[in-house]
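Enquirer: In this note's numbering, the protein residues as written are 72 to 1346. Glycine residues also receive a C-beta, built at the ideal position from the N, C-alpha and C atoms. Here the structure is a predicted model, which means the values were calculated and not measured. Before we start, here is the structure in question, set down as structure tokens.
Below is the structure:
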């Protein structure tokens, strides 16, 4: 749906029988010639479409302004030639030129181009127009039209009956005021209100109000009243996405237009519980399955209204998946041949066609709404796969909890005497229920497709459908076999690969368990954990007796050729009391002014001005903290200013909106608005700095969207067919999902190409891939008894199992997990611990005597036992020797460096060795495998000993680049404290957070209580982040190299605000001090060219700005009411008004060198200033009272430069790099003695950033070669 200015009304069409036919029928009936009342053909009688102001009045009253007179969209229109059957007049307010009579003159009506007036009469009367002998009740039904681009238009139709009577002169008159002794006849008129937006309830209410005026009126007033009604609806603006609803009065009712929850969701203005009243939850799952598998679905009902309401509800139930096929909820009797279409579709028709449709067409899913039955036109019955078990059970449990009876909720309330109060109460109840239902159905979609992202390769846009399918439970595979190849799923994949932050992503992230998050922090190849195996083997019949994946699946065939899972589903049991935590957001209503006479231009302009005045008042009354509501008001006022011709005012509103909430910024509308500026307006816009920036930004965004390829096709993983050089090999391995890390893949390439030309042939890759998958399959068959499982930790996985061998502790199989080796004894299965990897002292190959032979054996000596464990592994001994040594080295490095990723990578290396030996099957196989012994080689080449001080101080390491193909530099770190007792529904989860800015504007967020990754998809522009600031508990400010300050909401974890006042890269942020409790909170920012800005945090407005003369301004701090600014060549103390008070230049001994200040720190308690330089390994300490030269210089051992300083308790922590080989070093300096207390080495690249976690821990981040975050204890 395009974000263009549009009112509620697209067009209003009146359909009925023509007067000449009615006259003939009336006369024949009066003469007694008709025994049975016929069905009449219908035609379009009237068309009313905006604009409604006459051209003459527009040209005379808007001369030189050139703006639209009412809400309308910039679109092509076409001409519709309509025969004039009634009184002269046109839909557009133009005086008709032609005959006055009932003859065949025509008129040319301008209508929207995508409006099909040819088929409309049939859809307004899908069962035909039946003449009646008595008055009938008004009947409403709903329509949906879809154009060739998939854009939908919605309509509400009312059929109402009037008596057929003609005056003596042949004129058609109002039957209510003529009496006749003869029996009366009644004919129906269909009034169809068409809108681009699905406001079904609101449009039905509007038509109800219209009928209350039409019924007592003369037929001669009919067209004028309909036209005036249409013109009023054209004045109603559509509410923006968010929490602001629009309410207007159309006597006798007040009508509300609910807003969309966000830009990606349609408005919901229907009763979503209707499908639950018509069908049991299991049947609803059948219907949803038929949509997800793209069946041909036909809805049936005796009530035309139910068809569209049920169909639209189903579309909302599968959101954010979007139905890609024909969608025609109402078919007239003449349109039944549409059901012969070979493609998937969702259509609806009258129940009396049920038998005919079922007999004529095969393979249809027939949904009988009235009887609540789902069946098939095939003789075999309904052949739909079941929804995956875990998701199904959760949905059924949720559905049982729905409270769908309004009377039960209001039985304790008295009767309202105001119909509008009653309606508002019902709307509120319905909105709450709709939200609950949408959460239930969204959770169903999330539970079905939650694990899709595990099988996506974002870099190469590949989905490994084979592996995903094989990882599903056998009972769930029929469902996914049909779903994976559908258009609807392909579109869903495209959104996932584009990292779209939609409702699915938000719920998927918010419902991850802590265990799931911690598991996602590892790179372990996929294997079932002991906990999952225990669940899997609780009953004997659930054991898998067949070896899975015995041969490589043909990747060019469909997923139906695959059998058996390769990974346990993490959704074995879904906690049904978790997940649906999203609270109902408070709603505000904006009441439109009373409608003016809508066909007079100056009244319409006054109406717009009155609306703008009301919006001005509303905006002034909104608290600045309520930014989402403020954004809605700016959006709405921008719309109204646009159609009122106040383009510059509209651009100013959209500029304020852009600052307040970029999530709902209507880029397409603003771009069209900019294009419509006249020369004089454009000149004025260029003189207004903020508007000029907005125009530039919108044009750049529009050009980028026009040239970007977000809709790039999703590729399915296929085995290579050509020989691969290194680059192609890296891509195919990453696409396969085996491993992402480029360094590991390079070593694998070396292993597979040992002793030959440096390229991998496709057959070797196929065999390697086969072996890897077979190994995964074998892990599924490990049936460990409970007596063994109790010795292992819940998250341990068996990664390698030997054949039966003789050991010093009996006969059995050697099992390897990520933590230990143990013996699984044969016969009666038992557990004998061999060793944990961290306890190994020595591993070597020996030989054991057997009769007259010497059999190769592996000896493992541990620190916990005196005796050596020996196992006769025969031909496997060399491989196990390599694997155990690699795991031992990885464990040692992981323990020494407090970095679990070393162990994860060692495990990957060991499994790759196994696969390489398995696929090469030659003399060189073991030698090739040694290429993957990365950590074992490091142990021999480089001393692994970590300095004692470092080891004692270092607590843990985390890798923020885990889901990337290579390490990313950690540019900035920010710790934000938590808040105990905070409800998730109101303020987030309450836990402390660690914010980590990586290269190219990526921000990763960790839960600092568990160090698990909470958010990995935040993107703030595409440039380097220079600084971050926690302004309050609700927002984090991020300064970027692209000159923008991005504001992230800690509640929604999304970036929806931007401050764009800086003209060059933002380098520093600081929070102001509050002089009084209720004084406004301020923040300070600086940019590299020397500009410093003071911000009002609540209004996001610049309160003051000034510019300093310096060489690259790098940071700003506030101390005792003055600002301290650090540049490369100086440090300045500045009053808040910009007046320079003191300036400190580089120390005298450094002035001739090419160095520069890198950072500074104010130690207020001691009135000291600490400074550091880029290429100098020393700190300078200055007295604030005497800044002519430093009184103390502190030499930092083996330091080539300092990048950052922070104060923690009574210590100064210094981050920099060592001399010689660039390694990250951290120095802890005692502020009393001015000496270096500790020298810490834990990064293989320069330390770029430091931050403190409540003075208990210090966190350091390193440059790209290392890319890790170290967590240090503070003493």
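Among 997, 549 and 834, which one has its Cα closest to the Cα of residue 30?
Expert: Absent from the model: residue 30. The displayed extent of the chain is 72 to 1346, so no value can be given.
Enquirer: Alpha carbon to alpha carbon, how far is residue 1031 from residue 1156? Give it in angstroms, no decimals.
Expert: 27 Å
Enquirer: Please report how far the alpha carbon of residue 156 lies from the alpha carbon of residue 89, in whole angstroms.
Expert: Confidence in residue 156 is poor, its pLDDT being 45 and thus under 50, which makes the residue's placement too unreliable to answer from.
Enquirer: Using only the alpha-carbon positions, how far apart do residue 412 and residue 367 sit?
Expert: Each residue's alpha carbon lies about 9 Å from the other.
Enquirer: Residue 291: buried (16+ other C-beta within 10 angstroms of its C-beta) or exposed?
Expert: Classification for residue 291: exposed.
Enquirer: Beta carbon of residue 283, beta carbon of residue 323: below 8 Å?
Expert: In contact: residue 283 and residue 323 (Cβ atoms closer than 8 Å).
Enquirer: So is residue 1286 buried or exposed if we call it buried at 16+ other beta carbons inside 10 Å?
Expert: Buried is the call here.
Enquirer: Cβ of residue 1229 within 8 Å of Cβ of residue 1273?
Expert: yes
Enquirer: Could you pull out every residue in the same chain whose Cβ sits closer than 8 Å to the Cβ of residue 347, ignoring the five residues on either side in sequence?
Expert: 355, 470, 473, 475 and 508
Enquirer: Taking the C-alpha atoms as reference points, what is the distance between residue 722 and residue 264?
Expert: Rounded to whole angstroms, residue 722 to residue 264 spans 31 Å at the Cα level.
Enquirer: Which runs of the alpha helix (DSSP H) fall wholly inside the region 791 to 819 and span at least 4 residues, in chain order?
Expert: 797 to 807
Enquirer: Over what stretch of residues does the alpha helix (DSSP H) that includes residue 951 continue unbroken?
Expert: Counting along the chain, the alpha helix (DSSP H) containing residue 951 begins and ends at 948 to 968.
Enquirer: Please confirm whether residue 1260 and residue 1219 have their CB atoms less than 8 Å apart.
Expert: yes
Enquirer: Between the C-alpha atoms of residue 299 and residue 307, what's the straight-line distance to the nearest angstrom?
Expert: 13 Å
Enquirer: Per DSSP, residue 1249 forms a beta bridge with which residues?
Expert: 1266
Enquirer: I'd like to know if the region 559 to 574 and the region 524 to 534 are in contact, where contact means that at least 3 CB-CB pairs between them fall below 8 Å.
Expert: The answer is yes - the region 524 to 534 touches the region 559 to 574, with three or more Cβ pairs under 8 Å.
Enquirer: Out of 1135, 1105, 839 and 1103, state which residue places its alpha-carbon closest to the alpha-carbon of residue 1347.
Expert: The structure shown does not extend to residue 1347, since the chain spans only 72 to 1346, so no value can be given for it.
Enquirer: In whole angstroms, what separates the C-alpha of residue 992 from that of residue 438?
Expert: Each residue's CA atom was taken as its position, placing residue 992 and residue 438 some 58 Å apart.
Enquirer: For residue 376, which residues of its own chain have a beta-carbon under 7 Å away from its beta-carbon, when the five flanking residues on both sides are left out?
Expert: 211, 212 and 213
Enquirer: Here's the rule I'm using: 16 or more other beta-carbon atoms within 10 Å means buried, otherwise exposed. How should residue 1011 be labelled?
Expert: Exposed: under 16 other Cβ atoms inside 10 Å.
Enquirer: From residue 819 to residue 946, what does the alpha carbon distance come to, in whole angstroms?
Expert: 22 Å
Enquirer: Rounded to whole angstroms, how far is the Cβ of residue 791 from the Cβ of residue 773, which I believe are closer than 8 Å?
Expert: With 8 Å as the limit, residue 791 and residue 773 do not qualify as a contact, their Cβ atoms being about 39 Å apart.
Enquirer: What's the C-alpha gap between residue 390 and residue 123?
Expert: 37 Å
Enquirer: Determine, using beta carbons only, whether residue 666 comes closer than 8 Å to chain D.
Expert: Looking for chain D here will not work: only one protein chain is present.
Enquirer: Looking only at its own chain, which residues have a Cβ that is under 6 Å from the Cβ of residue 1003, when we skip the five neighbours before and after it?
Expert: 818, 822, 980, 983 and 984
Enquirer: Classify residue 811: buried if its beta carbon has 16 or more other beta carbons within 10 angstroms, exposed otherwise.
Expert: buried
Enquirer: Okay, do the region 1311 to 1320 and the region 1266 to 1280 touch, 3+ Cβ pairs below 8 Å being the bar?
Expert: yes
Enquirer: Going by C-alpha distance, which of 1109, 1100, 746 and 695 is nearest residue 1071?
Expert: 1109
Enquirer: Output yes or no for whether 8 Å exceeds the beta carbon distance between residue 335 and residue 724.
Expert: The answer is no: Cβ separation not under 8 Å.
Enquirer: Tell me the rounded alpha-carbon separation between residue 685 and residue 707.
Expert: 11 Å
Enquirer: Please name the residue in 523, 529, 575 and 528 whose C-alpha comes closest to that of residue 551.
Expert: Of the candidates 523, 529, 575 and 528, the one whose C-alpha sits nearest the C-alpha of residue 551 is 523.
Enquirer: Mind reading off the beta-carbon distance from residue 419 to residue 400? Whole number of angstroms is fine, and I expect it under 8 Å.
Expert: 4 Å
Enquirer: Suppose you measure from the CA of residue 950 to the CA of residue 893; what does that come to, to the nearest Å?
Expert: 17 Å
Enquirer: Going by beta-carbon coordinates alone, are residue 1233 and residue 1195 separated by less than 8 Å?
Expert: yes
Enquirer: Which runs of the beta strand (DSSP E), 3 residues or longer, sit entirely within the region 1273 to 1318?
Expert: Counting only runs of 3 or more residues that sit fully inside the region 1273 to 1318, the beta strand (DSSP E) segments are 1282 to 1289, 1295 to 1301 and 1306 to 1314, in chain order.
Enquirer: Could you check where the alpha helix (DSSP H) with residue 984 kicks off and where it finishes?
Expert: Unbroken alpha helix (DSSP H) run through residue 984: 971 to 991.
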